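Mapping the sequence shown onto full-length UniProt numbering, position 314 (from 1) lands on 314, and the numbers just tick up by one.
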Amino acid sequence: MYPETFELLLSIVGPHIEKQYCIRDPISSRTRLLICLRYLASGDSMTSISYSFRVAVCTVSKIISETCEELWNTLQKLVFPDVKEENWLKIANNFAIKWNFPHCIGAIDGKHVQIQSPPHSGSTFYNYKGHHSINLLAVCDADYCFTLVDIGAEGRQSDGGIFSNSIFGQRFENKDLNLPEPKSIEISGPAIPFVLVADEAFALTNYMMRPYPRSKHLNRQKKVFNYRLSRARRVIESAFGILAAKWRIYRRAIIASVSTAEKIIQATVCLHNFIILNENKLSNHYRRYTHVTTEDQIVNGALQENTRPFVLRNKDNSAYQIRNYFATYFENAGALPWQWEKVLQNDF
């Protein structure tokens with residue numbers, strides 16, 4: 001984080017964490033924010049933080065909880081895009097340009113955040129990885145920014161189950177997110193809805209694409225689709241990787257109550273977006289938080305005429321037909337020069 005970014009953050013959050021003078025001078029908002037950021041970024045214990053700032057452990061604990069809560073309350077309106085059609089179209093355009101997946105409005109996945117076993121919780125938070133956790137379910141855009149999040153589900157739940165029960169999952173199902181109307185991807189093509197890209201943990205629907213089931217009998221067209229979807233979906237995996245690398249609180253179990261752990265996750269998600277949005281104003285050379293990989297190859301995403309037109313028929317099977325259309329498009333008009341080599345080198 002650049003010093004200028006910290007000062008901007010302090011100007012936004014500072015007034016909300018400033019304490020009034022009572023008997024003695026309070027800890028300044030600058031120090032309170034520094035304590036919180038140090039804890040989140042270093043992953044050190046609260047005891048270690050208390051030694052560094054010469055503040056009692058109980059005070060450090062209270063500062064972290066209060067500051068994380070205010071970071072969420074003040075930043076979420078600034079760093080998460082409104083669910084407006086123009087914002088979805090902008091995200092879809094970026095996915096088409098950067099990751100060559102048209103009509104994609106986000107990549108979705110879940111992350112288990114390890115916590116200490118809550119008292120009297122039994123196996124409620126125990127996940128398949130063998131530890132206690134709460135789940136961070138998130139959708140991100142083409143620039144690794146989170147756009148929708150659901151935080152706090154028990155670790156024993158599956159990603160698909162969490163999505164179905166989440167607020168934004170229900171809004172997707174009820175068509176309450178102002179998604180753009182289906183449009184044709186190519187000239188004279190059928191109207192295709194805007195979709196999320198996901199892995200096998202999620203159900204195939206009209207608004208969510210998942211890979212074809214992997215088997216030895218997949219034809220080349222389906223393997224190409226799986227590669228192209230995997231390439232677009234890796235953005236959310238990279239976003240989680242950046243989050244865990246920059247905020248080392250994720251490197252170990254969070255020693256706190258479930259409610260405080262949720263506040264910590266909320267704060268880091270907001271800070272993640274806040275830093276990216278500010279660094280996106282800079283050239284790639286000056287970006288410290290994210291970087292461009294060699295896989296970020298940009299190909300002209302203009303609409304092209306397909307040599308094999310595709311027609312959607314049965315509405316009951318529309319999700320499968322939409323996936324089949326994408327597969328046909330990726331093999332023909334939407335093909336990438338390097339996709340054939342990738343399919344041969346890897347098992348998709």
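We treat Cβ as the ideally placed atom computed from N, Cα and C, and that holds for glycine.
This structure is a prediction, so every number in the text was calculated from the model and none was measured.
What's the C-alpha gap between L37 and S318?
For the purposes of this step, residue 37 is taken as residue 37 along the sequence shown, with counting starting at 1. For the purposes of this step, residue 318 is taken as residue 318 along the sequence shown, with counting starting at 1. Rounded to the nearest angstrom, the two C-alpha atoms are 47 Å apart.
In three-state terms, what does DSSP make of Y250?
Taking the first residue of the sequence shown as position 1, residue 250 is located at position 250. Residue state, collapsed to three classes: helix.
Is it true that the stretch 17-35 meets the stretch 63-79, where meeting means three or more beta-carbon pairs spaced less than 8 Å apart?
yes
With 16 other Cβ atoms within 10 Å as the buried cut-off, status of K77
In the sequence shown, residue 77 corresponds to position 77, counting from 1. It counts as exposed.
Have a look at G43, L10, Y39, F101 and flag the residue whose alpha-carbon is nearest the alpha-carbon of R252.
Taking the sequence shown and counting its residues from 1, one reaches residue 252 at position 252. The residue with the shortest Cα to Cα distance from R252 is G43.
Contact check, D199 vs R171, beta carbons under 8 Å
Sequence index remark: in the sequence shown, residue 199 carries index 199 (1-based). Sequence index remark: in the sequence shown, residue 171 carries index 171 (1-based). Contact: no.
Three-state secondary structure (DSSP) of S166
As a working mapping, residue 166 is identified with position 166 in the sequence shown. In this structure, S166 counts as coil in the three-state DSSP scheme.
In terms of alpha-carbon separation, which member of S121, D141, I49, S117 lies closest to H132?
Within the sequence shown, numbered from 1, the residue matching residue 132 stands at position 132. Nearest option by C-alpha distance: S117.
CB-CB length for I236 against A107, believed under 8 Å
What you label residue 236 is simply residue 236 of the sequence shown in a count that begins at 1. What you label residue 107 is simply residue 107 of the sequence shown in a count that begins at 1. About 4 Å separates the Cβ atoms of I236 and A107, confirming a contact at the 8 Å cut-off.
Excluding the 5 residues preceding and the 5 following V258 in the sequence, name in chain order all residues of the same chain whose CB lies nearer than 6 Å to its CB.
As a position in the sequence shown, residue 258 is number 258, starting the count at 1. Cβ neighbours of V258 beyond the five flanking positions: P118.
Quick check on the burial criterion: 16 or more other C-beta atoms within 10 angstroms. Buried or exposed for L71?
Taking the first residue of the sequence shown as 1, we reach residue 71 at position 71. Looking at its Cβ environment, which holds 16 or more other Cβ atoms inside 10 Å, L71 is buried.
For the alpha helix (DSSP H) holding G14, just list the boundary residues, first then last.
For the purposes of this step, residue 14 is taken as the residue at position 14 of the sequence shown. That run of the alpha helix (DSSP H) goes 3-17.
Smallest Cα separation from F101: which of N346, Q345, E341, T328?
Numbered from 1 along the sequence shown, position 101 holds the residue referred to as residue 101. Closest by alpha carbon: T328.
C-alpha distance - N306 paired with G110, whole-angstrom precision:
Locating residue 306 in the sequence shown gives position 306, where the first residue counts as 1. Locating residue 110 in the sequence shown gives position 110, where the first residue counts as 1. Residue placement at N306 is poorly supported in this model, since its pLDDT is 36, which falls under 50; the coordinates are not used for a value here.
Beta-carbon contacts of S123 that lie in its chain and below 8 Å, excluding the five residues immediately before and after:
Here residue 123 is taken as the residue at index 123 of the sequence shown, counted from 1. Correct list, in chain order: R156.
Cα separation between N300 and K263?
The residue given as residue 300 occupies position 300 in the sequence shown. The residue given as residue 263 occupies position 263 in the sequence shown. Unreliable positioning characterises N300 in this predicted model, as indicated by a pLDDT of 37, which lies under 50. The coordinate reading is nonetheless provided below. The alpha-carbon separation between N300 and K263 amounts to approximately 42 Å.
Which residue or residues does DSSP assign as beta-bridge partners of residue 349?
Residue 349 lies beyond the residue range present for the chain, which begins at 1 and ends at 348; the question has no answer from this structure.
Is it the case that the Cβ atoms of I322 and I192 are separated by a distance below 8 Å?
In the sequence shown, residue 322 corresponds to position 322, counting from 1. In the sequence shown, residue 192 corresponds to position 192, counting from 1. A contact, by the Cβ cut-off of 8 Å.
If N94 and D159 are in contact, beta carbons under 8 Å, what's the gap, nearest whole angstrom?
On the sequence shown, position 94 is the one that residue 94 refers to. On the sequence shown, position 159 is the one that residue 159 refers to. With 8 Å as the limit, N94 and D159 do not qualify as a contact, their Cβ atoms being about 24 Å apart.
Given 7 Å as the limit, tell me if S230 has its C-beta closer than that to any heavy atom belonging to the ligand ZN.
Of ligands this structure carries none, so the ligand ZN is not represented either.
Rounded to whole angstroms, what is the Cα-Cα separation between E154 and R210?
Numbered from 1 along the sequence shown, position 154 holds the residue referred to as residue 154. Numbered from 1 along the sequence shown, position 210 holds the residue referred to as residue 210. Going from the Cα of E154 to the Cα of R210 covers about 24 Å.
Closest to Q114 by CA distance: which of Y128, H120, I105, C104 is it?
Taking the first residue of the sequence shown as 1, we reach residue 114 at position 114. Comparing Cα-Cα distances from Q114 to each of Y128, H120, I105, C104, the minimum goes to Y128.
Given that a residue counts as buried once 16 or more other Cβ atoms are within 10 Å of its Cβ, and exposed if not, what is T294?
Numbered from its first residue, the sequence shown carries residue 294 at position 294. With a pLDDT of 42 at T294, under the threshold of 50, the modelled position of that residue is not reliable, and the figure given next carries that caveat. Under this definition T294 is an exposed residue.
For F310, is the classification buried or exposed, using 16 other Cβ atoms within 10 angstroms of its Cβ as the cut-off for buried?
Taking the first residue of the sequence shown as position 1, residue 310 is located at position 310. Summary for F310: the model assigns pLDDT 41, below 50, so the residue's position carries little reliability; its value from the coordinates is reported in the next sentence. The residue is buried, with at least 16 neighbouring Cβ atoms inside 10 Å.
According to the neighbour-count rule (16 or more other Cβ atoms, all chains shown, within 10 Å of its Cβ), is N314 buried or exposed?
Reading the sequence shown from its first residue, position 314 is the one you call residue 314. For N314, the pLDDT reaches just 43, beneath the cut-off of 50, and the residue's location in the model is therefore unreliable, although a value from the coordinates is still provided. The residue in question, N314, is exposed, as its Cβ has fewer than 16 Cβ neighbours within 10 Å.
By DSSP, does D143 sit in helix, in strand, or in coil?
Mapped onto the sequence shown, residue 143 falls at position 143. Looking at D143 - three-state DSSP - the assignment turns out to be coil, as it is neither helix nor strand.
Beta-carbon separation of Y212 and F225 under 8 Å?
Position 212 of the sequence shown, counted from the start, is the residue given in the question as residue 212. Position 225 of the sequence shown, counted from the start, is the residue given in the question as residue 225. Taking 8 Å as the Cβ cut-off, Y212 and F225 qualify as a contacting pair.
How long is the line joining the alpha carbons of D82 and P337, rounded to whole angstroms?
Against the sequence shown, residue 82 aligns to sequence position 82. Against the sequence shown, residue 337 aligns to sequence position 337. Rounded to the nearest angstrom, the gap between the Cα atoms of D82 and P337 is 36 Å.
So what's K204 in DSSP terms, helix, strand or just coil?
Start at 1 with the first residue of the sequence shown, and residue 204 comes out as number 204. At residue 204 the sequence reads Leu, which differs from the Lys that was named. In this structure, L204 counts as coil in the three-state DSSP scheme.
Under three-state DSSP, which class holds K216?
Within the sequence shown, residue 216 is the residue found at index 216, counting from 1. Here K216 sits in coil by DSSP.
Closest to S215 by CA distance: which of N346, N278, F274 is it?
As a working note, residue 215 is residue 215 in the sequence shown. For the residues N346, N278, F274, the minimum Cα distance to S215 belongs to N346.
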